[in-house]
Each structure stands twice: as C-alpha cells, then as structure tokens.
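In what follows, a single structure is set out as structure tokens and then discussed.
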Amino acid sequence: NAGVTQTPKFQVLKTGQSMTLQCAQDMNHEYMSWYRQDPGMGLRLIHYSVGAGITDQGEVPNGYNVSRSTTEDFPLRLLSAAPSQTSVYFCASSYFESGANVLTFGAGSRLTVL
Amino acid sequence: ILNVEQSPQSLHVQEGDSTNFTCSFPSSNFYALHWYRWETAKSPEALFVMTLNGDEKKKGRISATLNTKEGYSYLYIKGSQPEDSATYLCAFHSGYSTLTFGKGTMLLVSP
Numbered sequence: 001n002a003g004v005t006q007t008p009k010f011q012v013l014k015t016g017q018s019m020t021l022q023c024a025q026d027m028n029h030e031y032m033s034w035y036r037q038d039p040g041m042g043l044r045l046i047h048y049s050v051g052a053g054i055t056d057q058g059e060v061p062n063g064y065n066v067s068r069s070t071t072e073d074f075p076l077r078l079l080s081a082a083p084s085q086t087s088v089y090f091c092a093s094s095y096f097e098s099g100a101n102v103l104t105f106g107a108g109s110r111l112t113v114l
Numbered sequence: 115i116l117n118v119e120q121s122p123q124s125l126h127v128q129e130g131d132s133t134n135f136t137c138s139f140p141s142s143n144f145y146a147l148h149w150y151r152w153e154t155a156k157s158p159e160a161l162f163v164m165t166l167n168g169d170e171k172k173k174g175r176i177s178a179t180l181n182t183k184e185g186y187s188y189l190y191i192k193g194s195q196p197e198d199s200a201t202y203l204c205a206f207h208s209g210y211s212t213l214t215f216g217k218g219t220m221l222l223v224s225p
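Here it is in structure tokens:
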C-alpha cells in the first residue's frame, strides 16, 4: 500500500514550458485534490475532484488544468509555466472520518520556474 | 475566501513545557475542523477531525477542543518533547466539501 505517490519530486522549468505533475493513490479514495504551498501563505487549494470524471476549481486554479479519468490518478498540468508558479505542490486523497474528508498527502513536488 | 487564523505564528518552548495554540474560523456553515501535523521535509499528517461543538479529541500527549459557536479550536501539547517540533495546521471544512487551511503554528521544542 503506497498511499499517495507524486512525481517528480523536483522540477525546473523555463517560462512558457508545460509539464504535468503526476499523482496516484492506491487507497480507492474518491476525493483527490491539489494544493500549493508558498512561504507565508499556507496551503491553497488549486483543483479538486470528488470522483472519476468530476473536477472543480479551488482557490487558485488559474494556469492549471486537471482531469480525473480513473479513481487512482489525478494529474495536474501547467499549460505555460510562469515564475509565479514556483512553489511546492501537494496532492492529497481523502477518506471519511466522522463524515468529514481527512486528507492523506503525497510527499510533495518542488517546482522552480525560471 | 474563508478566513482561518492560527496563533501564534511560531513558538519556542523547552522540553517538558506544556503549550497550546489557537485556530479561529468562521462560525457559519461549519462542517468540520481538522488538525494536521507537518514535520520538516515530510508531508502533513492528520491528527484530529472534529465535527461537534464541544468535541474533545486526544492522542497521547496531544489533545484538541472545539467551540463552533464562537469559531475557535485549541490544540494542547502536554509535556512537549523535541519530537513534537513541527508545524501544526488547522483546516476549516465548510458545507462546500473543500478544506481551507490556516498558515500554521511552527513549534520548536528544545532539549
């Protein structure tokens, strides 16, 4: 049982390049989400999905796309990278406890855009 | 955008001290309040989720309380140990299925 697996762990991009951050979970969780973590800002929600085929925007969705074709995978795409997207990205999947989503996080992906 | 405030921002205590932090959140549309523990170079791990006003949860030396009417939760650590050093995040879960995180309280426990 690997939990939530994110790849790559580190990536350096040039402005305008595109890339995909991969996220996979093996816990059969329906709910998955992507957060970014910036100094002094806390974790901010980018996109989330409540099940295969369903995605929705979070607090900071601009510049990012997601899709959820299977329960296991939730990739995050940067269409045209900008320096403002330099951040640490966390993918999470959720199980329910007391009726609430409890997040299990991946190890994080550190992205630098030059 | 929901406002979730944590205080203090950081805290430095000696081993054996007891400590507590606060999380403030909107008192309307409450669904759940989460606490996560985030050690450096790792990913956040769930500590507690609380849904009812007056809830108290405990895990070893760490406990949490919840007041939904006034919009706050306290996290207590009794007899802090160096391994308790971490950032403690709270997250507010409204009725709209997403979590809003506070910026965290960074705790450093010196031996």
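Quick mapping for you: the protein sequence lines, in order, are chains C and X.
Under the numbering used here, the first residue of the first sequence is numbered 1, with each subsequent residue one higher.
Under the numbering used here, the first residue of the second sequence is numbered 115, with each subsequent residue one higher.
Positions of the beta carbon are idealized from the N, C-alpha and C atoms, including for glycine.
For residue i, go through chain X and note every residue whose CB falls closer than 7 Å to its CB, in chain order.
i	result
glutamate 97 (chain C)	Val163
glycine 53 (chain C)	The contacting residues do not exist; glycine 53 (chain C) stays about 16 Å from chain X at best.
tyrosine 48 (chain C)	Thr212
Does residue i pass the burial test, meaning 16 or more other C-beta atoms within 10 Å, or should it be called exposed?
i	result
leucine 203 (chain X)	buried
histidine 126 (chain X)	exposed
asparagine 143 (chain X)	exposed
asparagine 101 (chain C)	buried
glycine 16 (chain C)	exposed
glutamine 195 (chain X)	exposed
alanine 81 (chain C)	buried
threonine 162 (chain X)	For clarity, residue 162 (chain X) is phenylalanine in the given sequence; the question names threonine instead. Classification for phenylalanine 162 (chain X): buried.
threonine 70 (chain C)	exposed
serine 187 (chain X)	buried
serine 87 (chain C)	buried
leucine 221 (chain X)	buried
lysine 168 (chain X)	Looking at the sequence itself, residue 168 (chain X) is glycine, so the reference to lysine does not match. Exposed, because fewer than 16 other Cβ atoms sit within 10 Å of the Cβ of glycine 168 (chain X).
threonine 182 (chain X)	buried
alanine 146 (chain X)	buried
Between residue i and residue j, is the Cβ-Cβ spacing less than 7 Å?
i	j	result
glutamine 25 (chain C)	serine 98 (chain C)	no
tryptophan 149 (chain X)	proline 158 (chain X)	no
methionine 164 (chain X)	leucine 180 (chain X)	yes
alanine 52 (chain C)	arginine 68 (chain C)	yes
glutamine 128 (chain X)	serine 224 (chain X)	yes
methionine 32 (chain C)	serine 18 (chain C)	no
glutamine 6 (chain C)	alanine 107 (chain C)	yes
leucine 21 (chain C)	valine 113 (chain C)	no
glycine 185 (chain X)	phenylalanine 139 (chain X)	yes
histidine 47 (chain C)	tyrosine 95 (chain C)	no
glycine 58 (chain C)	leucine 45 (chain C)	yes
Can you name the residues of chain X whose CB is closer than 9 Å to the CB of residue i?
i	result
threonine 101 (chain C)	For the record, residue 101 (chain C) in the displayed sequence is asparagine; it is not threonine. Here the neighbours are Ala146, His148, Val163, His207, Ser211, Thr212, Leu213.
methionine 41 (chain C)	Lys217
alanine 24 (chain C)	Those within 9 Å of alanine 24 (chain C) in chain X number zero; the least Cβ separation is about 15 Å.
leucine 21 (chain C)	Result: empty, since nearest Cβ-Cβ is about 14 Å, beyond 9 Å.
leucine 45 (chain C)	Thr212, Leu213, Thr214, Phe215
Any idea which residues DSSP pairs residue i with across the strands?
i	result
alanine 200 (chain X)	X:Leu221
isoleucine 46 (chain C)	BP columns for isoleucine 46 (chain C) are empty, so no partner.
asparagine 181 (chain X)	X:Tyr186
phenylalanine 10 (chain C)	C:Arg110
leucine 78 (chain C)	C:Met19, C:Tyr64
threonine 104 (chain C)	C:Ser93
lysine 227 (chain X)	Because chain X spans 115 through 225 in this model, residue 227 (chain X) falls outside it and cannot be assessed.
histidine 148 (chain X)	X:Val163, X:Ala205
What residues of chain C sit near residue i, judged by a beta carbon separation below 7 Å?
i	result
alanine 160 (chain X)	Val102, Leu103
Can you pull the chain X residues whose beta carbon is under 8 Å from the beta carbon of residue i, in chain order?
i	result
alanine 81 (chain C)	The premise fails here: alanine 81 (chain C) is roughly 23 Å from chain X at the closest Cβ pair, so nothing lies under 8 Å.
phenylalanine 116 (chain C)	A question about residue 116 (chain C) goes unanswered here, because the residues of chain C that appear run from 1 up to 114.
alanine 107 (chain C)	Lys156, Ser157
glycine 58 (chain C)	Thr212
**Request:** Examine the Cβ distances between the segment 211-224 of chain X and the segment 171-187 of chain X and report whether three or more of them are shorter than 8 Å.
**Result:** no
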